[in-house]
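Enquirer: This structure is in structure tokens; I'll ask about it shortly.
Protein chains: 2
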Amino acid sequence: MKRRDILTAAGVGLAATALAGCNDKSEKPAAGESKQASEQQTFNWKMVTSWPKNFPGVGVGAERFANLVNEMSGGRLKVKVYAAGELVPALEVFDAVSRGTAEMGHGAPYYWKGKVPAAQFFCALPFGPNAQEMNAWLHRGGGMQLWEEVYKPYGVLPMACGATGVQTAGWFNKEINSVDDFKGLKMRTPGLGGEVLTKMGGTVVNMPAGEIFTALQTGAIDATEWIGPYNDLALGLHKASKYYYTPGWQEPNVTFELDVNLKAWETLPDDLKAIVRAAARDVNGDMLDDYNAKNMEALEQLREQGVEVRRLPDEVLSRLKEVAAEVVDASASADPVAAKVWEQQSAYLKRLYEYAELNEKDIYNIRG
Amino acid sequence: MKRRDILTAAGVGLAATALAGCNDKSEKPAAGESKQASEQQTFNWKMVTSWPKNFPGVGVGAERFANLVNEMSGGRLKVKVYAAGELVPALEVFDAVSRGTAEMGHGAPYYWKGKVPAAQFFCALPFGPNAQEMNAWLHRGGGMQLWEEVYKPYGVLPMACGATGVQTAGWFNKEINSVDDFKGLKMRTPGLGGEVLTKMGGTVVNMPAGEIFTALQTGAIDATEWIGPYNDLALGLHKASKYYYTPGWQEPNVTFELDVNLKAWETLPDDLKAIVRAAARDVNGDMLDDYNAKNMEALEQLREQGVEVRRLPDEVLSRLKEVAAEVVDASASADPVAAKVWEQQSAYLKRLYEYAELNEKDIYNIRG
């Protein structure tokens, strides 16, 4: 699931003009209050998001973040969540926070890769880090420092705020038995995954979420990737396609971001800053737990409804991996900031992958 | 690392009598304060822990929890951390919180399995869940509800508060080439792992952390398990043993717990309750990130110092797995509460493992 899909799915009609009536000012403490007045100031903040109302997984996670901040601050920092399109369109979340239209935003870093090419390296990479590895890099491997550095010129402070874990390879109406089967395949798959498909001889056809089902059913596309069983079941994709392929090589994890306008951030007292940071970390873990549990349950339901789960052949995965490495390197080389991030990140991830071989991977394999 | 080791490592000399001079009462708001007085009440709480001062990983995580609560509450809930032995011995943390000697505690659930046999199922199981799977079960699979139910009769509210991820199989001065090599092996390895070793024909020799190095060097023991590279390097075990075996079949993860005295909990206003819960979730993720990064770095250092990393043979791991399954089942059957937990948990984990086969495990394998 990427860029234009979310855009149209959420309805772009309700545009930024809806902001006109909003009051951006924080409430000032009344005269005569205690000397701790500054700490008692109340802030009413807006959080724009890339998600439709009640969107499973990531949308629910954004709501959890706002509720946590409201509860922990005892109402001193009230965060109101806006669905995509309510104040600004889904893909303008980063811009809106950057220019101060909203104090906060929640979205996926790769949605603004057109503006900030390095952003996708904090989000998802084909054959790249899973959630655990991305978190280790971000919080102990220098990732967050780089991310803050990359967003600073835009006046935005980023925090990791949610992860999907491993996704699936997608829904197919044609069998994939060899690399040749990608030739001429019409697939809806955006981003770096789409670039890989093009290099494999396929044709990328992008479209909003609402059109995928019909496109699959009519044969306008042969295949589509969305998120994982939890969100895919909700969209009903199994009713329009034959095979559900694994594993999700194109996105072994997607990390979502909380954006905070830097000028607004500096007006917060230290306790509220700490509350925002902890709420983001809470959601970062909780959303992954949610996806792991719900994806498992949804796949069981899909299988009960007759969905055939297939694994991409080794030969195909090997070729996809080679092509993905070229695509990621090319993407990094095209932008000096992205190149700097990828140089540090790729070296660190290589060390993490080597360590995972000895323990994490082995436990999966011997448990059988 | 388990029970008695921590006990002696931290020095049991400073006993619970040190509590005599402590004031357990929270500060009351002065008369004349605003109508929000109850929310402005200040609480001074003690948190006893099972960890020596500045203990890498888990000990640092406990300090992080206290700092987060102090910062987020703006000093309204001040948590003071006590190292093992300062107020109560390492293994009496649960008891101390249960009887209200301290309002909070941080330790490992399986330290009190003698009192609460079901506790270890929320902590670590041989060939059991990794950190990600344990978290999905706890926070979305009914685990936390069971954990709260199990601790309620003791007046303790538990929260997951930290994880180690996959540990290592330990340090050996004898090669393990077949299941027969466990016969007569003298190994320091407590808990369920120790029970497995005994069934394999080995001899479990338990001793405190401070004695392990000399015991290895003098041949009093042939092998020892501790935690993982990060903590093992700090203890210098590589200087007294030949081989470092992987994977950590006995503990694919250890989850740590925050304990809160239930009566004390009920005195907290809602905002402070939310702050405590979010701080625990923050540490739950952050400590895993810390272990993943630092274990990787420490193993690199160990290898630079000439440590030979070996993998246990498949034949050995298969047999260990069979025996571990018997040991876990027997442990659950011996206590009705543990049996209830394990019945629910084992069914849920089986579903999670099956899902992991398709995606998480496959990504590790194809990434190569």
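Chains as they are written, first to last, in the working numbering: chain Z, 3 to 370; chain B, 3 to 370. Cβ atoms here follow ideal geometry from the backbone N, Cα and C, with glycine treated the same way.
1) So which residues on chain B does Z/Leu360 lean against when the C-beta distance must stay under 9 angstroms?
2) If you scan the region 88-154 of chain Z from start to end, which runs of the beta strand (DSSP E) of 3 or more residues do you find wholly inside it?
3) Taking the CB atoms as reference points, tell me whether Z/Val285 and Z/Cys163 lie closer together than 8 angstroms.
4) In whole angstroms, what is the alpha-carbon distance linking B/Ser52 and B/Glu94?
5) Taking only beta-carbon positions, decide if B/Arg142 is within less than 8 angstroms of chain Z.
6) Check whether the region 299-310 of chain Z touches the region 228-241 of chain Z, taking contact to mean three or more Cβ pairs, one atom from each stretch, closer than 8 angstroms.
7) If you compare alpha carbons, which of B/Lys48, B/Val168, B/Pro58, B/Phe129 is closest to B/Glu88?
8) Measuring only between beta-carbons, confirm whether Z/Gly178 sits less than 8 angstroms from chain B.
9) So Z/Leu322 is in the alpha helix (DSSP H); what residue range does that whole segment cover?
10) Helix, strand or coil: which one does DSSP assign to Z/Pro160?
11) Along the region 48-76 of chain Z, where does the CB come closer than 8 angstroms to a CB of chain B? Name the residues.
12) Name, in chain order, the residues that DSSP records as bridge partners for B/Glu73.
13) Run down chain Z in chain order and give the residues with a C-beta less than 7 angstroms from the C-beta of B/Gly287.
14) Take B/Val256 as the anchor and find which of B/Leu127, B/Gly116, B/Val62 has the nearest alpha-carbon.
15) Which residues bound the beta strand (DSSP E) around Z/Asp261?
16) Counting only C-beta atoms, is Z/Asn297 closer than 8 angstroms to chain B at any point?
17) To which residues does DSSP link B/Gly172 through a beta bridge?
18) In this structure, does DSSP put Z/Arg78 in helix, strand or coil?
19) Strictly below 7 angstroms CB to CB, what residues from chain Z border B/Ala280?
20) At least one CB of chain Z closer than 8 angstroms to the CB of B/Ile277: is that the case?
21) The alpha helix (DSSP H) with Z/Met289 in it runs from where to where?
22) Could you tell me if Z/Ala349 is buried or exposed, where buried requires 16 or more neighbouring beta carbons within 10 angstroms of its beta carbon?
23) Where does B/Ala225 fall in DSSP's three states?
24) Just to make sure I have the definition right: I need the residues of chain B whose C-beta is within less than 9 angstroms of the C-beta of Z/Arg353. Which are they?
25) Which residue marks the beginning of the alpha helix (DSSP H) containing Z/Phe184, and which one marks its end?
26) How would you list, in chain order, the residues of chain Z whose beta-carbon sits under 9 angstroms from the beta-carbon of B/Leu79?
27) Between the C-alpha atoms of Z/Met298 and Z/Gln169, what's the straight-line distance to the nearest angstrom?
28) Could you work out which residues of chain Z lie near B/Asp292, taking near to mean beta carbons separated by less than 7 angstroms?
29) Pull out every residue of the region 222-239 of chain B whose Cβ sits closer than 7 angstroms to any Cβ of chain Z, in chain order.
30) Using the rule of at least 16 other Cβ atoms within 10 Å of the residue's Cβ for burial, across every protein chain shown, is B/Thr166 buried or exposed?
31) Output the distance between the C-alpha atoms of Z/Ser75 and B/Ala138, rounded to the nearest integer angstrom.
32) Are the CB atoms of Z/Val71 and Z/Val262 within a distance shorter than 8 angstroms?
33) Please report the distance separating the alpha-carbon of Z/Arg142 from that of Z/Glu135.
34) DSSP state of Z/Lys363, grouped into three classes?
35) Closest Cβ-Cβ distance between Z/Lys82 and chain B: below 8 angstroms?
36) Is Z/Leu148 near the ligand GDP, in the sense that its beta carbon is under 7 angstroms from a heavy atom of that ligand?
Expert: So, to answer that:
1) Val168, Thr170, Thr248, Pro249, Leu301, Val311, Arg313
2) 106-109
3) yes
4) About 8 angstroms.
5) yes
6) yes
7) B/Lys48
8) Contrary to the premise, residue 178 of chain Z reads as Ile rather than Gly in this sequence. With 8 angstroms as the cut-off, Z/Ile178 does not count as an interface residue toward chain B.
9) 316-335
10) strand
11) Leu70, Glu73, Met74, Ser75, Gly76
12) According to DSSP, B/Glu73 shares a beta bridge with no other residue.
13) Asn137, Arg283, Asn286, Gly287
14) B/Leu127
15) 257-263
16) yes
17) B/Tyr247
18) coil
19) Leu70, Met74, Ala280, Ala281, Asp284
20) yes
21) 272-306
22) exposed
23) Strand, per DSSP.
24) Met298, Glu299, Glu302
25) Unbroken run through Z/Phe184: none, as it is neither H nor E.
26) None at all; the shortest Cβ gap to chain Z is about 11 angstroms.
27) If I take the Cα positions, the gap works out to 11 angstroms.
28) Arg142
29) Flagged: no residues at all.
30) buried
31) 27 angstroms
32) Between Z/Val262 and Z/Val71, the CB-CB gap reaches or exceeds 8 angstroms.
33) 10 angstroms
34) helix
35) Chain B places no beta carbon closer than 8 angstroms to that of Z/Lys82, leaving this residue out of the contacts.
36) Of ligands this structure carries none, so the ligand GDP is not represented either.
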